[in-house]
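*Asks:*
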Amino acid sequence: MRQETQIELICRALDNIDRRRSDADGEPFELPVERYLDPSIFERERALLRSRPVVVGFASQVASPGDFITHDHAGVPLVVTHDHDGVLRAFVNVCRHRGARIADACGHAQRLVCPYHGWSYNLSGRLEGVPHRQEFAGVDLEQRGLIELPVWRRFGLVFACLTPGPATRAFPFAEDLEELDSHVLHAPSERTRRMNWKLMMDGSWETYHFRVTHAKTIASHFFDNTGVFDFVEPDIRMVLPKRSIVDLRHEDPATYRIRQHANLLYGLFPNTIVLVQPDHAMVVTMWPTSIDRTTIVAGMLIPEPPQTEKARAHWQKNEAIFWNAIEEDIAMGERIQSTLSSGVNRSFLFGRCEHLIGKFHRVLEEAITDATSRKTVSRE
Ligand code: FES
Ligand SMILES: [Fe+2]
40 MRQETQIELI
50 CRALDNIDRR
60 RSDADGEPFE
70 LPVERYLDPS
80 IFERERALLR
90 SRPVVVGFAS
100 QVASPGDFIT
110 HDHAGVPLVV
120 THDHDGVLRA
130 FVNVCRHRGA
140 RIADACGHAQ
150 RLVCPYHGWS
160 YNLSGRLEGV
170 PHRQEFAGVD
180 LEQRGLIELP
190 VWRRFGLVFA
200 CLTPGPATRA
210 FPFAEDLEEL
220 DSHVLHAPSE
230 RTRRMNWKLM
240 MDGSWETYHF
250 RVTHAKTIAS
260 HFFDNTGVFD
270 FVEPDIRMVL
280 PKRSIVDLRH
290 EDPATYRIRQ
300 HANLLYGLFP
310 NTIVLVQPDH
320 AMVVTMWPTS
330 IDRTTIVAGM
340 LIPEPPQTEK
350 ARAHWQKNEA
360 IFWNAIEEDI
370 AMGERIQSTL
380 SSGVNRSFLF
390 GRCEHLIGKF
400 HRVLEEAITD
410 ATSRKTVSRE
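With the numbering used here as the guide, the letters of the sequence shown map in order to residues 40 to 419.
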């Protein structure tokens with residue numbers, strides 16, 4: 040992150056601490072609970088996740104030629120390869136013969152071989168091997184390569200778009216996140232919980248709940264309901280100041296290092312959050328598996344693979360701190376989900392310090408309308 044940005048964010052944080060408040064905007068507002076219950080909205084959200092760039096893995100998983108990963112949470116089976124020309128590629132993970140799924144999990148391979156009749160594809164997606172090829176005389180097998188999808192690496196992550204065609208994406212907070220480019224994946228995890236995916240997103244965009252929800256875990260490290268919030272469509276940046284930040288009042292701003300005194304939470308629209316901490320980041324992506332179930336895919340981005348027991352213990356401790364707090368958030372999401380269908384609440388109420396949630400929902404609403412109206416992905 041640029042030094043000027045660090046200074047600006049820290050000054051805003053200190054100002055908010057003096058005023059005992061978070062950044063606030065607009066007026067209190069309500070959102071209808073139908074947003075979490077309406078199957079047609081859910082289907083449009085699923086369509087959105089297939090039409091926009093999403094996080095499908097970590098760059099270190101496909102660092103070398105021959106590496107591949109698969110991904111299935113967006114409703115389109117995906118395989119990402121690092122081919123032997125050094126190019127990162129993504130394909131629909133479906134055989135062009137009779138549609139069997141080709142690759143599983145992740146690993147290292149010379150080629151991708153369909154387990155049904157043995158058609159084989161090189162890592163650039165070209166169909167190379169067809170047993171008893173003469174049985175397909177007259178068919179242009181050159182046209183039967185894997186269907187290619189847009190993919191690229193950034194911030195230590197792999198982004199792909201599940202719709203064929205050109206796709207790119209502007210990241211308003213890219214300068215902040217570039218230091219993660221060389222980080223590697225550690226401690227990947229996946230869990231499915233009973234809640235609409237947006238409840239998990241909503242809970243990320245305010246610190247109002249910290250003092251109560253996280254009373255026994257992380258709350259004491261932070262000021263109550265005090266954060267610095269930026270929304271640059273479609274992404275979010277939140278600064279969560281730690282108690283130690285007030286010591287900076289006596290320091291030269293040229294020496295400010297924001298990661299030592301605050302956690303930074305980024306929302307990469309639509310469904311990924313990146314929590315940047317002093318020496319690593321946690322990446323969490325919410326995948327709606329049904330209207331009331333969410334698969335939470337996560338991993339740590341750390342500077343280098345741990346080489347010693349001490350390093351492993353350090354990351355294990357950080358992982359545990361993170362999940363202890365996130366499980367508290369998940370529990371609250373599940374509590375809301377458990378009451379949603381009762382009809383007791385027609386809407387949810389949000390305060391001014393929760394305004395990022397309203398902005399997230401507005402952009403989502405616009406995006407799902409857009410996703411259902413366009414057939415291919417266009418350059419943004
Ligand atoms: S379905 Fe893949 S080789 Fe037949
Ligand atoms: Fe929380």
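Backbone N, C-alpha and C define an ideal beta-carbon position, used for all residues, glycine too. Note that the coordinates shown come from a computational prediction; the quantities given were computed from them, not determined experimentally.
Mind checking who T334 pairs with in its DSSP beta bridge?
*Replies:* T231, W326
*Asks:* At which residues does the beta strand (DSSP E) containing Y305 begin and terminate?
*Replies:* 301-307
*Asks:* Considering only C-alpha positions, which residue in the set W236, H156, D263, S259 is nearest to M371?
*Replies:* Nearest C-alpha to M371: W236.
*Asks:* State the CB to CB distance for the pair A129 and L117, rounded to an integer number of angstroms; the pair is presumed to be in contact (CB under 8 Å).
*Replies:* 6 Å
*Asks:* What first and last residue would you give for the alpha helix (DSSP H) that runs through R74?
*Replies:* 73-76
*Asks:* Does the stretch 301-308 come within contact of the stretch 268-280, defined as at least 3 CB pairs closer than 8 Å?
*Replies:* yes
*Asks:* Consult DSSP for R418 and reduce its assignment to one of helix, strand or coil.
*Replies:* At R418 the pLDDT is 34, less than 50, meaning the model places this residue with poor confidence and gives no usable figure here.
*Asks:* Between E419 and F210, what straight-line distance do the alpha-carbon atoms span, to the nearest angstrom?
*Replies:* In this predicted model, E419 has a pLDDT of only 33, less than 50, meaning its place in the structure is not dependable; the value taken from the coordinates is given anyway. For E419 and F210, the distance between alpha carbons rounds to 11 Å.
*Asks:* Cβ atoms of F249 and F268: under 7 Å apart, would you say?
*Replies:* no
*Asks:* D263: beta carbon under 6 Å from a heavy atom of ligand 2?
*Replies:* It does not: the Cβ of D263 is nowhere closer than 6 Å to a heavy atom of ligand 2.
*Asks:* Is any heavy atom of ligand 1 found at a distance shorter than 6 Å from the C-beta of H156?
*Replies:* yes
*Asks:* Under 6 Å: does the beta carbon of F200 sit that close to some heavy atom of ligand 1?
*Replies:* The residue asked about is misnamed: residue 200 is Cys in this sequence, not Phe. At a threshold of 6 Å, C200 does not count as near ligand 1, since its beta carbon sits no closer than that to any of the ligand's heavy atoms.
*Asks:* Excluding the five sequence neighbours on either side, which residues of its own chain have a C-beta within less than 7 Å of the C-beta of C134, listed in chain order?
*Replies:* I141, C153, Y155, W158
*Asks:* Whether or not the stretch 223-240 and the stretch 87-104 are in contact is what I'm after, with contact meaning three or more pairs of Cβ atoms, one per stretch, closer than 8 Å; do they touch?
*Replies:* yes
*Asks:* Using only the heavy atoms of ligand 1, determine whether one of them is closer than 6 Å to the beta carbon of A139.
*Replies:* yes
*Asks:* Per DSSP, what are the beta-bridge partners of A199 in this structure?
*Replies:* V93, V190
*Asks:* With a floor of 4 residues, list each alpha helix (DSSP H) that falls wholly inside the stretch 203-264, ordered by position along the chain.
*Replies:* 213-216, 236-241, 249-252
*Asks:* Report buried or exposed for S380, applying the criterion of at least 16 other Cβ atoms within 10 angstroms of its Cβ.
*Replies:* By the neighbour-count rule (16 or more Cβ atoms within 10 Å), S380 is not buried but exposed.
*Asks:* Confirm the yes/no value for this check: CB of D368, any heavy atom of ligand 2, distance under 6 Å.
*Replies:* yes
*Asks:* If you measure between the beta carbons of I335 and E84, is that distance less than 7 Å?
*Replies:* no
*Asks:* Alpha carbons only, please: which of E373, L314, G390, D331 is nearest the one belonging to E358?
*Replies:* L314
*Asks:* Give me the Cα-Cα distance between R89 and N310, rounded to the nearest whole angstrom.
*Replies:* 12 Å
*Asks:* Here's a check: name, in chain order, each residue in its chain whose Cβ is nearer than 8 Å to the Cβ of T256, leaving out the five neighbours to either side.
*Replies:* I360, N363, A364, E367
*Asks:* Does the beta-carbon of H319 have 16 or more other beta-carbons within 10 angstroms, so that it is buried, or is it exposed?
*Replies:* H319 comes out buried.
*Asks:* Could you tell me the distance, in whole angstroms, from the CA atom of D62 to the CA atom of L166?
*Replies:* 55 Å
*Asks:* For M277, report the span of its beta strand (DSSP E) as first-last.
*Replies:* 274-280
*Asks:* How big is the Cα-Cα spacing for E43 and C145?
*Replies:* 41 Å
*Asks:* Going by the CB atoms, is the gap between F68 and F308 shorter than 7 Å?
*Replies:* no
*Asks:* Does the beta carbon of H15 fall short of 6 Å from some heavy atom of ligand 1?
*Replies:* It is not possible to answer for residue 15, since the shown part of the chain is limited to 40 through 419.
*Asks:* Going by the beta-carbon positions, is the gap between L201 and V126 smaller than 7 Å?
*Replies:* Taking 7 Å as the Cβ cut-off, L201 and V126 do not qualify as a contacting pair.
*Asks:* Hey, is H136 close to ligand 1, as in C-beta under 6 Å from one of its heavy atoms?
*Replies:* yes
*Asks:* In three-state terms, what does DSSP make of T109?
*Replies:* strand
*Asks:* Assuming T311 is part of the beta strand (DSSP E), what are its boundary residues?
*Replies:* 311-315
*Asks:* I'd like the list of long-range same chain contacts for G168, defined as Cβ closer than 6 Å, with 5 residues on each side in sequence excluded.
*Replies:* S159
*Asks:* As a quick exercise: from H121, E181, V190, P170, pick the residue whose alpha carbon is nearest that of L162.
*Replies:* H121
*Asks:* Classify A102 as helix, strand or coil using the three-state DSSP reduction.
*Replies:* A102 carries a coil assignment under DSSP once its states are collapsed to helix, strand and coil.
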